[in-house]
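Here the structure is laid out as structure tokens; the discussion comes afterwards.
Protein chains: 2
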Amino acid sequence: MYRPQIKVVDCTIRDGGLANKSQFPLETVRAVYKAVCASGVDYVELGYRNSKEMFNPDEFGPWRFCDESVLKQATEGIDRGQTKLCVMMDAHKSSPDDLLPRSESVIDMVRVATYVKDIDKAIRLANTATEKGYECCVNIMAISHEGDQFLDEALAQLESETKALAVYVVDSFGALYSEVVDFYVKKYQGFLKTKEVGVHMHNNQQLAFANTIEGIIRGANYLDGTLFGLGRGAGNCPTELLLGFLKNPKFNIVPLLKVIPEYILPLQQTIDWGYHIPYMLTGILDKHPDVATAWITGPRKLDYTGFYDHVTDVP
Amino acid sequence: MYRPQIKVVDCTIRDGGLANKSQFPLETVRAVYKAVCASGVDYVELGYRNSKEMFNPDEFGPWRFCDESVLKQATEGIDRGQTKLCVMMDAHKSSPDDLLPRSESVIDMVRVATYVKDIDKAIRLANTATEKGYECCVNIMAISHEGDQFLDEALAQLESETKALAVYVVDSFGALYSEVVDFYVKKYQGFLKTKEVGVHMHNNQQLAFANTIEGIIRGANYLDGTLFGLGRGAGNCPTELLLGFLKNPKFNIVPLLKVIPEYILPLQQTIDWGYHIPYMLTGILDKHPDVATAWITGPRKLDYTGFYDHVTDVP
């Protein structure tokens, strides 16, 4: 038995791009796109459409900007099946002017990522996307650092002021336990009477997949994953685990089993994502993973007690 | 707030020994013992006391047998604090005669591992342990392959015929999802009116820690973990994650943060435990991990679609 409303979003290239400045070879992106489409996953996110005025194109790769020409190169000639294409736009690092009308674009959905403080920018961007013909979702980041009153107001605004299909619970720091996931999904449902709830979980405490299941049990219908959990720091909920769990017969795990060893595992040579004690500690302490990344890439990378002292001293 | 009844059992050396035929250097075992005792964990399990007639001592290391003299070498001179020492005995691979009276032993608790089919051997062994003065637990393995009627009868027998402190839900194949953990914990509680329920979870689907939390939420009070999840195949619930989650002030994670990089991570050079697609697939399919281990150590280790065909053809 399965829930037809459930939508899976594979954001391997977009989220993984946080770990390598979106510097994926075109061949890798095409292979991921092809495999995700063949697996029957509902959406594939190939990057950010962020502003070239806020990110230097000499430093960041093409998947940070997702020009239409680049997206066409990534997707042309590949059977997309029922899979839709999306990009993410950071509310505070992108421009509504960078969106063409949907009829002139290969993009189907725009996902707006925002902090609570930027919710009005996010709403403007979401409404621009809607007006230009795109589907739209909003991912609210870092909610574990937000006061309830501000988050509640943001949710009420998103419900009344946008046509977003879903609003996401994002566990930016990998800090949430199942009971906290329950709390947020229920809170979101209380405000979002005309929208779905989504979940985007991080794996600092090896809970990304479990928390995604917890979201499903509580009624979340938009689910993010990445291949082999690729992502910044400890990474994300592995898409292949999600497809192994979900019973919808349209999903097929086999194309994912093929692309993972060919294109994802080789990335381990340059991106050290996964379970590491420093990321575990920032998760437990509900802190940004950058402090752990800095430690791991420094001279005392295996001095975990030193990191513990360091991170518990950080206010 | 914490539940004082909760007992954590670190079984790094015992369970990890399944991945290296219990061939740990004495120095490693002493370091793990010292760190676990310093962390305030309730029990530390240093190996099996299995029969030398069923395991060849030339092939298996000393931690498969845990002779009293060996356990003394591993523990002498180390402040044990409140931490008790335990060994595991396989019901079908050990002899009750190998247990000294507790007054002559350094062991505090005997954990009996059994399949449902061997439950009468397990009960005899558990009762021998009780009569000789030891605390005792029973771990029922491979329950996801058991018919309910047989498991129910085994639980009823353990309740009425033994003085075991706890009986464990063991997810041998890493196949359980949270709702199945709920089902088993509730079933066990229905039979075990005078005993605690324990949980021992495997990490094939990155759910070992999450399922342990699920067990805690449902009332399980005996919790198994290993340092950095060391174990056969995908490994176990990491003890350090458990201590990060539990709020009992007697626990101290810092000694674990010290021993992991010094003694556990170096084992990665010879033991390849953790998240691998073949172990994920045996977890999803509720199959023994040995078929995955054989594949991973063979010439087609990264041919995951080949393994998928292989394992779905295995009856």
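Taken in sequence, the protein lines are chains A and B.
Read in numbering that gives the first Met the number 0, the first sequence has 28 at position 29, and its numbers run on one by one without any break.
Read in numbering that gives the first Met the number 0, the second sequence has 24 at position 25, and its numbers run on one by one without any break.
The C-beta atom is built at its ideal place from N, Cα and C for all residues, glycine as well.
Does DSSP classify residue i as helix, strand or coil?
i                      : result
residue 56 of chain B  : coil
residue 168 of chain A : strand
residue 260 of chain A : helix
residue 199 of chain A : strand
residue 134 of chain A : strand
residue 84 of chain A  : strand
residue 13 of chain B  : helix
residue 175 of chain A : coil
residue 300 of chain A : coil
residue 6 of chain B   : strand
residue 0 of chain A   : coil
residue 120 of chain A : helix
residue 68 of chain B  : helix
residue 152 of chain B : helix
residue 231 of chain A : coil
residue 126 of chain B : helix
residue 99 of chain A  : coil
Using 10 angstroms around the beta-carbon of residue i, count the other beta-carbons present and answer buried if the total reaches 16, otherwise exposed.
i                      : result
residue 237 of chain B : buried
residue 298 of chain B : exposed
residue 6 of chain B   : buried
residue 235 of chain A : buried
residue 311 of chain A : exposed
residue 25 of chain B  : exposed
residue 257 of chain B : buried
residue 279 of chain B : buried
residue 159 of chain B : exposed
residue 55 of chain B  : exposed
residue 1 of chain A   : exposed
residue 89 of chain B  : buried
residue 58 of chain A  : exposed
residue 117 of chain A : buried
residue 75 of chain A  : exposed
residue 293 of chain B : exposed
residue 288 of chain A : buried
Measuring alpha carbon to alpha carbon, tell me which of the options ends up nearest residue i.
i                      : options                    : result
residue 233 of chain A : A/244, A/291, A/216        : A/291
residue 183 of chain B : B/170, B/267, B/192        : B/170
residue 52 of chain A  : A/27, A/93, A/19, A/38     : A/93
residue 172 of chain B : B/205, B/252, B/244, B/64  : B/205
residue 102 of chain A : A/82, A/126, A/81, A/131   : A/131
residue 108 of chain B : B/9, B/242, B/262          : B/9
residue 296 of chain B : B/13, B/254, B/248, B/18   : B/18
residue 300 of chain A : A/275, A/219, A/48, A/20   : A/275
residue 187 of chain B : B/201, B/288, B/45, B/221  : B/221
residue 36 of chain B  : B/65, B/250, B/224, B/24   : B/250
residue 166 of chain B : B/175, B/151, B/178        : B/151
residue 49 of chain A  : A/158, A/159, A/98         : A/98
residue 261 of chain B : A/303, A/281, A/239        : A/303
residue 231 of chain A : A/1, A/13, A/4, A/213      : A/13
residue 194 of chain A : A/162, A/267, A/0, A/84    : A/162
residue 203 of chain A : B/223, B/243, B/192        : B/243
residue 277 of chain B : B/305, B/266, B/265, B/254 : B/305
residue 143 of chain A : A/179, A/133, A/111        : A/179
residue 176 of chain B : B/201, B/307, B/65         : B/201
residue 266 of chain B : B/28, B/224, B/63          : B/28
residue 168 of chain A : A/123, A/156, A/223, A/122 : A/223
residue 217 of chain B : B/181, B/309, B/199        : B/181
Could you tell me which residues DSSP puts in a beta bridge with residue i?
i                      : result
residue 237 of chain B : B/225
residue 44 of chain A  : A/85
residue 113 of chain B : B/139
residue 108 of chain B : B/85, B/134
Just to confirm, are residue i and residue j a CB contact at a threshold of 8 angstroms?
i                      : j                      : result
residue 38 of chain B  : residue 252 of chain B : yes
residue 269 of chain B : residue 241 of chain B : no
residue 356 of chain B : residue 33 of chain B  : No statement about residue 356 of chain B is possible, as the shown extent of chain B runs from 0 to 314 and does not include it.
residue 40 of chain A  : residue 71 of chain A  : no
residue 46 of chain B  : residue 21 of chain B  : yes
residue 229 of chain B : residue 283 of chain B : no
residue 87 of chain A  : residue 113 of chain A : no
residue 285 of chain A : residue 174 of chain A : yes
residue 226 of chain A : residue 31 of chain A  : yes
residue 135 of chain B : residue 129 of chain B : yes
residue 127 of chain B : residue 95 of chain B  : yes
residue 149 of chain A : residue 196 of chain A : no
residue 199 of chain A : residue 138 of chain A : yes
Should residue i be listed as close to the ligand GDP, given that the test is whether its C-beta is under 7 angstroms from any heavy atom?
i                      : result
residue 183 of chain A : Among the components modelled here there is no ligand, and therefore nothing to report on the ligand GDP.
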